[in-house]
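Chains as they are written, first to last, in this note's numbering: chain A, 169 to 313; chain B, 169 to 313.
Protein chains: 2
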Amino acid sequence: MAELDKFDHRLLELLQENARLTGSALAQQVGLSSAACLRRVQRLRESGVIERDIAVINPRVFGKRMTVVVLVTLNNDRPDRYNLLRAELAKAPEVVQCDHVTGAHDIVLRVKVADMEDYSAFVDRVLVQPYIKRYESLAVLGVIK
Amino acid sequence: MAELDKFDHRLLELLQENARLTGSALAQQVGLSSAACLRRVQRLRESGVIERDIAVINPRVFGKRMTVVVLVTLNNDRPDRYNLLRAELAKAPEVVQCDHVTGAHDIVLRVKVADMEDYSAFVDRVLVQPYIKRYESLAVLGVIK
DNA sequence: GGTTTTACGCGACAATTTCGCAAATTTTCG
DNA sequence: CGAAAATTTGCGAAATTGTCGCGTAAAACC
Chain A
169 MAELDKFDHR
179 LLELLQENAR
189 LTGSALAQQV
199 GLSSAACLRR
209 VQRLRESGVI
219 ERDIAVINPR
229 VFGKRMTVVV
239 LVTLNNDRPD
249 RYNLLRAELA
259 KAPEVVQCDH
269 VTGAHDIVLR
279 VKVADMEDYS
289 AFVDRVLVQP
299 YIKRYESLAV
309 LGVIK
Chain B
169 MAELDKFDHR
179 LLELLQENAR
189 LTGSALAQQV
199 GLSSAACLRR
209 VQRLRESGVI
219 ERDIAVINPR
229 VFGKRMTVVV
239 LVTLNNDRPD
249 RYNLLRAELA
259 KAPEVVQCDH
269 VTGAHDIVLR
279 VKVADMEDYS
289 AFVDRVLVQP
299 YIKRYESLAV
309 LGVIK
């Protein structure tokens, strides 16, 4: 993976905001020709710098109107179960993000559900189990960024 | 915003994974003509169902190899400063996600930085201020999802 | 300083998207 | 239930966008 110059950085910056920018739109903002921009973007994709392009969908469409951040603390006396839990969390459709972290907690989840009932069902199904010692639910009131 | 049928749902599902799918690729998987698919996608964009399309960039490219989840607790005696802080957090380039939440904490941040030093600078610049009572840093060891 | 390498812009070509239109399907309403 | 209205489809043409080769210019290397 070769070095990225300021043109590449600018392109990434722009595409990170709007991946549908056209060659000439990029050209205008970057100061290269359309073809040059597209060639660079093509290489950025092939080399894996741009991992993929995704559509951001309004969560209300799927009836997922509620987001919850969950701080999970594990029972550290059962390290064998960790991979199982990992797999389970990755599989759960409600979980849109899941990080293993250091500190007072072990796992931070971002969960999208329709409503409280839905969330409650998720908790019962996934979170209530002996390997999880404690979990703290933080309902998202508003997305600042 | 009209009702979405199964075709729209399938299109969204596909584009959520890969926004660069071409009209005929969509047609093949959805069972409509290329033009019909593209027309529907166009409408989904215009109506805001598809909020935007973004390129996912390998974080290492920008040298941001470290992710931290930060739980922020505010001094609730200064409600006037909330909007200021909001704006400041939204502006900070290190902050990739920022939610206002209920519960034991007030704000949950997702921060991407190069290293500890970088993170420390971020903390000093943004987080160390009278309006913030406390913050808890959870370094991300691994992204499960 | 000359040579090689790399990247650019230009322009032709290919692929993709957009648009108009008639037919088909679905919805509305008497 | 059935006809009129509205919506959506597929097809094909037109427009836009992306890809590629080529000659040239700039940068890197020796």
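C-beta atoms are modelled at their ideal positions from N, C-alpha and C, and glycine is treated no differently.
Please read all numbers here as calculations on a predicted model, not as lab measurements.
Cys266 of chain B is bridged by DSSP to B:Leu277. Pairing Ala258 of chain A with Lys313 of chain B gives a Cβ-Cβ distance under 8 Å. Taking the beta carbon of Lys313 of chain A as reference, the chain B residues within 8 Å of it are Leu257, Ala258, Val263, Val264, Gln265, Cys266, listed in sequence order.
If you draw a straight line from the Cα of Ile222 of chain A to the Cα of Gly199 of chain A, it is about 26 Å long. The segment 184-194 of chain A makes no contact with the segment 192-208 of chain B: fewer than 3 CB pairs, one atom from each, lie closer than 8 Å. The Cβ atoms of Val240 of chain A and Val263 of chain A lie no closer than 8 Å to each other. Residues of chain A whose Cβ lies closer than 7 Å to the Cβ of Leu206 of chain B do not exist; the shortest such Cβ separation is about 13 Å. Beta-bridge partners assigned by DSSP to Val238 of chain A: A:Leu277, A:Ser305. Note that the C-beta distance between Glu185 of chain A and Gly271 of chain B is not below 8 Å. For Ala282 of chain B, there are no C-beta contacts with chain A under 7 Å, since the nearest C-beta of that chain is about 15 Å from it. Where Val198 of chain B is concerned, the enclosing alpha helix (DSSP H) starts and stops at 191-198. Residues of the segment 268-301 of chain A with a Cβ closer than 8 Å to any Cβ of chain B, in chain order: His268, Val269, Thr270, Gly271, Ala272, His273, Ile275, Val276.
Annotated three-state conformation of Glu219 of chain A is strand, per DSSP. Under a criterion of Cβ atoms nearer than 7 Å, the residues of chain B adjacent to Gln184 of chain A are, in order, Ile222, Ala223, Ile225.
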